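What follows is a set of notes on a single structure, which appears directly below.
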Amino acid sequence: MLSSFANILTSPLIHFSILVIISGLLLLVKKKNYSFYTILFALILLFSCSQSFLSSALLHPLEHHSVNSKHAKNKKNTNDGQQVILVMACNYYDDMSVPYANRWPPCSYLRLSHAADIYQTREAKIIVAGGKFGNWPSAYSRYAREFLERHNVKSEDIIEVPIGYDTESEIQGIVKNITLSSLTLVTSASHMLRASSYLKYCGVSINAAPTDFLVKPKIVLKLNLPDPKNLTIIKRALHEYFGLVEFKLKRRFGLLSKYC
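Anchor point for the sequence shown: position 251 equals 251 in full-length UniProt numbering, and the numbering is continuous, going up by one each time.
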């Protein structure tokens, strides 16, 4: 999958490392000028990627896409008739020696907490998906159920779909096992466009409930001290763009004909 390759190939640190290696090879074959310009380009690239204006420019179109902004305009409407809440999986650290709250990375914690908050405002079922992402005794959906129950969600209102290891397979597992016409989709703001694309392809209308925003609504063009956080933001943005390209290519060439 393109989105899987993006986990590695879209990291600015990997780009920097590759350029440094190329520069070293050029130096070995006595191409000193090419080596110098290559290492200079690598340093400029790494510095640029550590700046907030570049990371914000890349992630902003995803986090503030119309699929999310429509939700923002109607955020006070919490009783809109949606009876199903779908929480996309993220990750979990299966380590009993770590305090419970620390086993959840921010994306998982924020998604599940947001779903629990929405649940308190209406009668609804919450779907949690996700299989085994690592060497775990249980699927991600089982850990997500436990989290929701700890946050006052009734056990009978939680639907587990222990299938999937990425966006595409999670949603396929859901639409093939549960009949849905509409739902409230809870996921990271940058992930909303891609996740909603698969659901809409299967004829499911969504009400977006984005969370885990990483950039501000307004981009500020100014230099700041290098911040490693921006490298992570750029990696996430490029990962999502690769995933969207993958979805559109598969749809264009009929590779999703049996998806739903």
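The beta-carbon is built from N, C-alpha and C at its ideal position, and this holds for glycine as well.
A quick note: this is a predicted structure, and the numbers were derived from the prediction, not measured.
- request: Go to K125, then tell me how far its beta strand (DSSP E) extends in each direction, as first and last residue.
  value: K125 to A129
message: Taking only three categories from DSSP, how would you classify I14?
response: helix
- request: List the endpoints of the continuous alpha helix (DSSP H) containing T232.
  value: P228 to R252
message: Let me confirm a value: N77 is counted as buried when at least 16 other C-beta atoms fall within 10 Å, else exposed. Which label applies?
response: Any answer about N77 is weak, because its pLDDT of 41 lies below 50 and its placement is not dependable; what the coordinates show is given next. It is exposed - the Cβ of N77 has fewer than 16 other Cβ atoms within 10 Å.
- request: Using the DSSP secondary-structure output, state which residues sit across from N207 in a beta bridge.
  value: T184
message: Going by C-alpha to C-alpha distance, which of V128, N224, F213 and Y143 sits closest to G134?
response: Y143
query: Is the beta carbon of V186 less than 8 Å from the beta carbon of T211?
result: yes
message: Just to confirm my understanding: we take K222, look at its own chain, exclude 5 residues before and 5 after, and list those with CB closer than 7 Å. What are they?
response: F53
Segments assigned beta strand (DSSP E), at least 3 residues, entirely inside the stretch 105–149: 125–129
message: Taking the beta strand (DSSP E) that E63 belongs to, which residues open and close that run?
response: E63 -> not in any beta strand (DSSP E); alpha helix (DSSP H) instead, spanning S52 to E63.
query: Near P219, what residues of its chain come up, given a Cβ to Cβ distance below 7 Å and the 5 sequence neighbours on each side ignored?
result: A quick correction: the sequence has Ile, not Pro, at residue 219. So the list reads F53, S56, A57 and H60, once near-sequence residues are dropped.
task: Put L28 into one of helix, strand or coil per three-state DSSP.
output: helix
field: Residue closest to A208, alpha-carbon to alpha-carbon, out of Q83, N68, P12 and I18
entry: N68
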